[in-house]
Amino acid sequence: AQRVTQPEKLLSVFKGAPVELKCNYSYSGSPELFWYVQYSRQRLQLLLRHISRESIKGFTADLNKGETSFHLKKPFAQEEDSAMYYCALKIPNSNSGYALNFGKGTSLLVTP
Amino acid sequence: EAQVTQNPRYLITVTGKKLTVTCSQNMNHEYMSWYRQDPGLGLRQIYYSMNVEVTDKGDVPEGYKVSRKEKRNFPLILESPSPNQTSLYFCASSLQGTRTKSYNEQFFGPGTRLTVL
């Protein structure tokens, strides 16, 4: 089965500390992975996609095929980073389309 | 304003009473999808549609129906709701839904909180 695992339900760090949200995946082909974020009372929105190799709001994520991981990192956490973070995997289907499989999410709390 | 809208935003109903949650997008997106969000389980895909009249099951389709008669609308139908369908539902859309094209960001609606008594 092709799936995404986020082992931490809750991650609490102090402001200014480094943060790493873990994501592991299980997929037989070449994966396409993403991080979505949901701030309090806001809609879910795309944060990062691995093919872009971009840094958004100081966050980066590197695809490690050997470890089947796509961990989200930020060197210095800010209070406004507190949110729910979801790792997602694009899974092609038999109808030439795709489905998006989300992990269970990690709640990040950055305290002053 | 480009957006995904859902109605109603909140709904309390009783077991067995058919209901429909509407979803509409004004971005001319081909791909639309429904998810449910439950504590400890995250987001799970219910159904998705790659274009008009093309729909497919996600991970948790049981108890739900969808239709895609026009590009902008993708209603979620619960023919006979049950308490285990109490959840927060999100609709999402993206530009294209084909596996061969680069992934297009999914835009999410504000959510519909459904309670089935």
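Just so you know, the protein sequences line up as chains A and B, in that order. Under this note's numbering, the first residue of the first sequence carries the number 690, and numbering increases by one thereafter. Under this note's numbering, the first residue of the second sequence carries the number 1306, and numbering increases by one thereafter. All residues carry an ideal CB built from backbone N, CA and C; glycine is no exception.
Which listed residue (the options) has its alpha carbon closest to that of residue i
| i | options | result |
| --- | --- | --- |
| B/K1376 | B/P1386, B/C1396, B/E1384, B/M1355 | B/M1355 |
| B/N1409 | A/G794, A/A788, A/T795, A/K793 | A/A788 |
| A/P764 | A/V702, A/S729, A/M773 | A/V702 |
| A/C712 | A/A777, A/R732, A/L736 | A/A777 |
| A/R730 | B/V1421, B/T1417, B/L1422 | B/T1417 |
| A/V726 | A/P720, A/S719, A/N782, A/L735 | A/L735 |
| B/K1370 | B/E1358, B/I1351, B/N1378 | B/I1351 |
Rounded straight-line distance, which links the Cα of residue j to that of residue i
| i | j | result |
| --- | --- | --- |
| A/A775 | B/F1413 | Before going on, a small fix: residue 775 of chain A reads as Tyr here, not Ala. Cα to Cα, the separation comes out at about 13 Å. |
| B/T1310 | B/A1397 | 9 Å |
| A/T749 | B/T1318 | 43 Å |
| A/P707 | B/P1415 | 31 Å |
| A/E819 | B/G1321 | Absent from the model: residue 819 of chain A. The displayed extent of chain A is 690 to 801, so no value can be given. |
| A/E709 | A/G747 | 12 Å |
| B/K1374 | A/T800 | 48 Å |
Cross-chain neighbours of residue i in chain A, by beta carbon under 8 Å
| i | result |
| --- | --- |
| B/L1346 | K793 |
Proximal residues of chain B, C-beta to C-beta of residue i below 9 Å
| i | result |
| --- | --- |
| A/Y728 | Residues of chain B passing the Cβ test: none, with the nearest at roughly 12 Å. |
Within-7 Å CB hit, residue i to chain B
| i | result |
| --- | --- |
| A/R692 | no |
| A/L778 | no |
| A/R732 | yes |
| A/L735 | yes |
Proximal residues of chain B, C-beta to C-beta of residue i below 8 Å
| i | result |
| --- | --- |
| A/Y775 | G1347, L1348 |
Neighbour list for residue i in chain A, Cβ cutoff strictly below 7 Å
| i | result |
| --- | --- |
| B/P1415 | R732 |
| B/F1395 | L733 |
Amino acids of chain B, ordered along the chain, whose beta-carbon sits closer than 7 Å to that of residue i
| i | result |
| --- | --- |
| A/A788 | Q1350, Y1353, G1363 |
| A/N713 | In chain order: nothing, as chain B lies at least about 14 Å away. |
C-beta neighbour in chain A for residue i, strict 7 Å
| i | result |
| --- | --- |
| B/E1384 | no |
| B/K1410 | Looking at the sequence provided, one finds Glu at residue 1410 of chain B rather than Lys. For B/E1410, the answer is yes, since a Cβ of chain A falls inside 7 Å of its Cβ. |
Q | Residues of the stretch 1344 to 1374 of chain B with Cβ closer than 8 Å to any Cβ of chain A, in chain order | A | Flagged, chain order: G1345, L1346, G1347, L1348, R1349, Q1350, Y1353, M1355, V1359, D1361, G1363, D1364.
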